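Numbering (this note's numbering), first residue to last: 3 to 216.
Every residue gets a Cβ at the ideal spot worked out from N, C-alpha and C, and that includes glycine.
No experiment lies behind these values; they were computed from the predicted model shown.
In what follows, a single structure is set out as structure tokens and then discussed.
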């Protein structure tokens with residue numbers, strides 16, 4: 003059996019189930035009723051937040067009893083939880099140490115730097131004042147994004163011309179008006195507490211993207 007961690011869209015679990023693979027989907031509590039109403043061809047369980055490690059530890063015991071042999075996700079907010087479950091179950095795949103670097107932009111850049119890979123000048127910032135300090139220090143445009151965010155949510159190109167406007171409309175706080183299932187993620191309420199990453203805006207000559215199914 004494969005455990006699939008799914009934020010909202012049931013793409014991976016439906017793909018596996020359609021091919022006869024025994025599957026259990028772990029989804030946010032907020033979407034469980036809607037998902038069950040579709041009568042899916044796989045088992046469902048749910049969790050309140052992806053960073054609820056006590057709940058994940060309990061689920062690991064359940065998954066072990068069910069004979070889960072793999073944990074997978076294609077949703078970035080679920081990466082750490084999936085890795086944590088793998089570690090507890092002793093399964094192959096991305097471990098939690100790697101998952102933190104994959105999802106925390108500050109840790110990611112620190113490990114790249116330690117490996118001799120050049121990255122844009124950056125700084126962890128926890129307030130508008132910190133962002134302004136970094137903007138003044140760099141003397142040019144900067145990119146500000148949630149440290150543990152995903153996609154392009156609350157990601158802004160900031161300069162001296164638009165800083166006051168962005169700050170006045172709450173661009174550097176927790177994002178608002180997100181779908182209910184985002185309440186299961188850290189970005190929903192903790193952006194200010196967990197902090198943002200500010201980095202120097204650079205001209206990109208070539209861009210490469212590597213994707214995987216953790």
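*Is any heavy atom of the ligand GTP found at a distance shorter than 7 Å from the C-beta of residue 67?*
With respect to the ligand GTP, the structure shown offers nothing to examine, as it has no ligands at all.
*Pairwise C-alpha distance: residue 136 and residue 205*: Put simply, the backbone Cα of residue 205 is about 18 Å away from that of residue 136.
*So, are the CB atoms of residue 199 and residue 124 less than 8 Å apart?*
yes
_I need the DSSP call for residue 159, collapsed to helix, strand or coil._
strand
_Chain-order list of residues whose beta-carbon lies under 7 Å from that of residue 134 (same chain, five-residue window excluded)_ = These residues qualify, in order along the chain: 165.
*Any 3 or more C-beta pairs closer than 8 Å across the segment 5-22 and the segment 66-85*: yes
*8 Å Cβ cutoff met for residue 149 and residue 112*: no
*asked:* Quick check: what's the CA-CA separation for residue 91 versus residue 100?
replied: Straight-line Cα distance between these residues: approximately 16 Å.
*Relative to the alpha-carbon of residue 169, which residue among 53, 129, 97, 94 has its alpha-carbon at the smallest distance?*
Ranking the options by Cα distance to residue 169, first place goes to 129.
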